[in-house]
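The structure appears below as structure tokens.
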Amino acid sequence: MREKVAAKASPWIGSWNRLIGNNHASLAWTPNPQAVVYRGNDGVHAQNFATLYNDVHAAYACALRWKVSGDTAYADKAVQIMNAWSSKLTGFGGSIDAFLASGIQGYQFANAAEIMRTYSGWTAVDFARFQAMMLNIFYQDNHHGLTVSLTPLTVYSNWQLCCMASILSIGVLCDDRALFDEAISYFKTGLGNGAIAQTIYYIHPGYLGQTQESGRDQGHDTLSISLLTSLCEMAWNQGVDLYGYDNNRVLAGAEYVAKGNLIESGSMYYAVPFATYRNSNVTQTAFATGSQGAVRPEWAMIYNHYVNRRGLAAPYCQKFAILIEPEGGNHDYGGGGGSYDQLGYGSLTFARDAIASGAAPSGLTATVSAGAVTLSWWGSAYATSYSVKRSTTRGGAYATIASDITDLLTYSDDGLAAGTYYYVVTAVTPSGETAASNEATAITGTRLHTYLAFNESSGISAADSSGNGHMGTLVGGVAWVAGKIGDAVSLNGSDGYVSLPNDILVDVADFTIAAWVQWKGTRSWERLFDFGSGTDHYMFLTPKGDNGNLCFKNSLTSNGGEVAIDSAVALPPGQWVHVAVTLLGTTGTLYVNGSVVGSNTAMEFAPFHLGSTSQNSIGRSQYPNDPYFNGFIDEFRIYRGALNAAQITALMSTDVIFADGFDG
3 MREKVAAKAS PWIGSWNRLI GNNHASLAWT PNPQAVVYRG NDGVHAQNFA
53 TLYNDVHAAY ACALRWKVSG DTAYADKAVQ IMNAWSSKLT GFGGSIDAFL
103 ASGIQGYQFA NAAEIMRTYS GWTAVDFARF QAMMLNIFYQ DNHHGLTVSL
153 TPLTVYSNWQ LCCMASILSI GVLCDDRALF DEAISYFKTG LGNGAIAQTI
203 YYIHPGYLGQ TQESGRDQGH DTLSISLLTS LCEMAWNQGV DLYGYDNNRV
253 LAGAEYVAKG NLIESGSMYY AVPFATYRNS NVTQTAFATG SQGAVRPEWA
303 MIYNHYVNRR GLAAPYCQKF AILIEPEGGN HDYGGGGGSY DQLGYGSLTF
353 ARDAIASGAA PSGLTATVSA GAVTLSWWGS AYATSYSVKR STTRGGAYAT
403 IASDITDLLT YSDDGLAAGT YYYVVTAVTP SGETAASNEA TAITGTRLHT
453 YLAFNESSGI SAADSSGNGH MGTLVGGVAW VAGKIGDAVS LNGSDGYVSL
503 PNDILVDVAD FTIAAWVQWK GTRSWERLFD FGSGTDHYMF LTPKGDNGNL
553 CFKNSLTSNG GEVAIDSAVA LPPGQWVHVA VTLLGTTGTL YVNGSVVGSN
603 TAMEFAPFHL GSTSQNSIGR SQYPNDPYFN GFIDEFRIYR GALNAAQITA
653 LMSTDVIFAD GFDG
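Residue 66 in this note's numbering sits at position 64 of the sequence shown; the count goes up by one each step and never skips.
This is the structure in structure tokens:
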């Protein structure tokens, strides 16, 4: 930064000039610490959180000005502000909005202090007192924000994202690995909406990641990206790559939000796809237009990481970064409390020299739905177009099936015969064609994916006769008994289930799951099967659901967001019954003894939308209070692709083996 400012290089110099022209970066600034910071109306206390965010931004601006200029007068001013607050603050109050103050200003204050921790003019005693304030006041509130079940903490992602960012930054500032790990763990596996799988709710083709706040309004939606990527940047500086986690899921969300808030062709906003979002409190059916076009100083950080660090394409983030360059700080974006949600000056702090050449296309995936193969991939910096290549042999040779693809980075390949196909993507750049992406595999038609015949008679392992290695493991009260065809497993209804491998359906869209079952129970919410990663992401089949009948449900947002196929008939207990559920595109169908008993044409979530799954089982729910399955299960099969009614009926025959894996 010092070198670029000294050279008056753009965009660094422009952002620097906005910094030194801001009154918060002034030696005349006088701190105004409070004993208790109130945000939100509690009916008793006046809100005073503006005193905190103004002083936090002054501390950061002065710290940054010292770090670049070397003028210790600004270092002393930053220390003065931080000492004033650590000497007086005792807690937070007001409404639930107080979590926003402790979270947003928490991570910002920690960042200012991290800059100043090497300054010899900040005494060890004063620095220790500041660390104690961050640990004992800010962190305690932040931790509470991840563990309480309060609206809107459990409704919108921003509340938890700011708490996570604050926890992580305090962990760094205080050299507390447990705090740092708490934030990282919640990002990856948390059950609330701050976790990445909930914040970036739904991945559309071309890796547009619909955000959890996108149906609310764009002021909050853009804030969620700012908080999320600030968290990623801090983790990156500690050697943890959250930016790239789950195939660059953060970039998918950032591109979605950037695109939806950019003007196209001078008048209209770019259109973005939208999948209906539901949780226990809200249902949203369209991308919100409230505050559309909201500008926050966040895009320089995002663009420079993905493009100039990693060599990926981020076209919409790039457009936004250029649009608002050079980034300023508070009061440069409309004033009010929201303008203090970011530290700002990203064109100074995050701009990087352009990368020499882009990375090859990457992250290629293939899903098969309604007979078509949908490909999505990450692009390359400097690419002008992309080519899709296909082979029927792993590793090629590949034939080019599409070229001159520009936007979005997705391609649909349909009309294929049943079989296995292999794809790669290359980019055309000013210096020539790039190397090929990773190879993605697509299996069309219907093919046996998992087949547990349960004929072992002893031991705890159930072989997968499909040849795909999806062995089942018997856990708890499970016994081998005579079945409908050969042997079967008997689940005791209290602790017995069959565990299935992680990620068993991670690349599956259309599917069929079928089995012979003899249900002994009468309890609601027992499970024939349940696949997912917890009570936020799951798909299951229960013999007795809401209406007392067989029911299939899936969700990406817990029980408030479930989509269901309800049977019109009850599952008869005490006898062998053949059950099956299929998905073809968005049409789900339930079968009992070969007859259709329920359907839903609006099943938006295919199994691959669940992402990585670690809790996959036959007979056990992911909800801890639901009962285990009580009865027998035999001939458990999963197919890629949706079998039709005649094929479901054929599964009931003892001589149908489908040895070649296809439906014949």
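Backbone N, C-alpha and C fix where the C-beta goes; we use that ideal spot for every residue, glycine too.
Three-state secondary structure assigned by DSSP to residue i
| i | result |
| --- | --- |
| glutamine 320 | helix |
| tryptophan 379 | strand |
| alanine 647 | helix |
| leucine 592 | strand |
| tryptophan 578 | strand |
| phenylalanine 660 | Because phenylalanine 660 carries a pLDDT of 46, less than 50, the predicted location of this residue cannot be relied on, and the following value inherits that uncertainty. Note: phenylalanine 660 maps to coil in three-state DSSP. |
| phenylalanine 610 | helix |
| valine 370 | strand |
| aspartate 665 | The pLDDT assigned to aspartate 665 is 41, lower than 50, so where the model puts this residue is not dependable; a value taken from the coordinates is nonetheless given after this. Coil, per DSSP. |
| threonine 603 | coil |
| aspartate 671 | Beyond the ends of the chain as shown, which are 3 and 666, falls residue 671; an answer cannot be given. |
| glycine 348 | helix |
| threonine 544 | strand |
| valine 70 | helix |
Segment limits, alpha helix (DSSP H) that includes residue i
| i | result |
| --- | --- |
| leucine 81 | Contrary to the premise, residue 81 reads as valine rather than leucine in this sequence. Unbroken alpha helix (DSSP H) run through valine 81: 74-88. |
| serine 159 | 159-175 |
| valine 127 | 126-135 |
| glutamine 212 | Per DSSP, glutamine 212 belongs to no alpha helix (DSSP H); it is in the beta strand (DSSP E), 210-213. |
| lysine 6 | 4-8 |
| tyrosine 258 | 247-262 |
| alanine 112 | 100-118 |
| phenylalanine 631 | Segment: none, phenylalanine 631 is in no alpha helix (DSSP H) and carries neither H nor E. |
| glycine 1 | The chain is shown from 3 up to 666; residue 1 falls before or after that span and cannot be answered. |
| leucine 502 | Taken as a continuous stretch (DSSP letters only), leucine 502 belongs to no alpha helix (DSSP H), being part of the beta strand (DSSP E) at 499-502. |
| alanine 185 | 179-191 |
Minimum C-alpha distance to residue i - residue among the options
| i | options | result |
| --- | --- | --- |
| threonine 224 | Tyr247, Lys261, Tyr188, Ile205 | Lys261 |
| lysine 6 | Ala353, Leu411, Ser655, Ser226 | Ala353 |
| alanine 237 | Gly478, Phe51, Ser569, Gly173 | Gly173 |
| isoleucine 650 | Glu606, Phe610, Val599, Gln624 | Val599 |
| threonine 422 | Glu435, Leu410, Ala401, Arg449 | Arg449 |
| valine 519 | Ala648, Phe638, Met541 | Phe638 |
| glycine 469 | Thr537, Gln162, Ile640 | Ile640 |
| asparagine 457 | Ala481, Ala420, Gly194 | Ala481 |
| glutamine 320 | Tyr384, Phe289, Gly398 | Tyr384 |
| phenylalanine 51 | His59, Phe276, Tyr40 | Tyr40 |
| glycine 45 | Thr524, Glu528, Gly95 | Gly95 |
| phenylalanine 607 | Val594, Tyr55, Ala566 | Ala566 |
| isoleucine 265 | Thr291, Leu476, Val284 | Thr291 |
| alanine 464 | His47, Thr231, Ser619 | Ser619 |
| isoleucine 635 | Leu612, Gly498, Thr589, Asp538 | Gly498 |
| alanine 356 | Ala315, Ala572, Arg396, Thr53 | Ala315 |
| isoleucine 202 | Asp489, Ser535, Gly255 | Gly255 |
Own chain, CB closer than 6 Å to residue i, minus 5 neighbours either side, in chain order
| i | result |
| --- | --- |
| methionine 270 | none |
| asparagine 440 | Leu366 |
| glutamate 564 | Lys555, Ser557 |
| cysteine 165 | Gly105, Asn144, Gly147, Leu148 |
| leucine 345 | Tyr62, Gln110 |
| threonine 402 | Ser389, Lys391 |
| asparagine 281 | Thr559, Gly562, Gly563 |
| asparagine 494 | Gly479 |
| proline 629 | Arg525, Glu528 |
| asparagine 504 | Ser616 |
Residues of its chain near residue i, where Cβ-Cβ distance is below 7 Å and the 5 sequence neighbours each way are ignored
| i | result |
| --- | --- |
| isoleucine 169 | Tyr141, Asn144, His145, Leu181, Glu184, Ala185 |
| leucine 188 | Leucine is not the amino acid found at residue 188; the sequence shown has tyrosine there. Result list for tyrosine 188: Leu148, Met166, Gly196, Ala197, in chain order. |
| tyrosine 413 | Leu377, Val390, Ala404, Ile407 |
| tyrosine 625 | Thr537 |
| isoleucine 659 | Low local confidence applies: a pLDDT of 49 at isoleucine 659 is under 50, so the model's placement there is unreliable, with the coordinate-based value given in what follows. Answer for isoleucine 659: no residue qualifies. |
| threonine 603 | Thr588, Thr589 |
Endpoints, beta strand (DSSP E) assigned at residue i
| i | result |
| --- | --- |
| phenylalanine 94 | 93-96 |
| histidine 206 | 202-206 |
| threonine 669 | Absent from the structure is residue 669, since the part of the chain shown begins at 3 and ends at 666. |
| tryptophan 521 | 513-521 |
| alanine 401 | 401-407 |
| asparagine 144 | Counting along the chain, asparagine 144 falls outside any beta strand (DSSP E), though it belongs to the alpha helix (DSSP H) covering 142-149. |
Own chain partners of residue i with C-beta closer than 8 Å, once the 5 adjacent residues on each side are dropped
| i | result |
| --- | --- |
| isoleucine 139 | Leu91, Thr92, Gly93, Phe94, Ser104 |
| serine 97 | Arg41, Gly42, Asn43, Asp44 |
| leucine 175 | Ala112, Ala115, Glu116, Arg119, Gln133, Met136 |
| valine 375 | Ala368, Thr369, Ser414, Asp415, Asp416, Leu418, Tyr423, Tyr425, Ala444, Thr446 |
Report task. Pick out the complete beta strand (DSSP E) segments inside the segment 7-53, 3 residues or longer, and give them in chain order. Result -> Listed in chain order, they are 38-41.
Query raised in the report: Of all the alpha helix (DSSP H) runs that stay within the bounds of the segment 419-494, which reach a length of 4 or more residues?
Result: none
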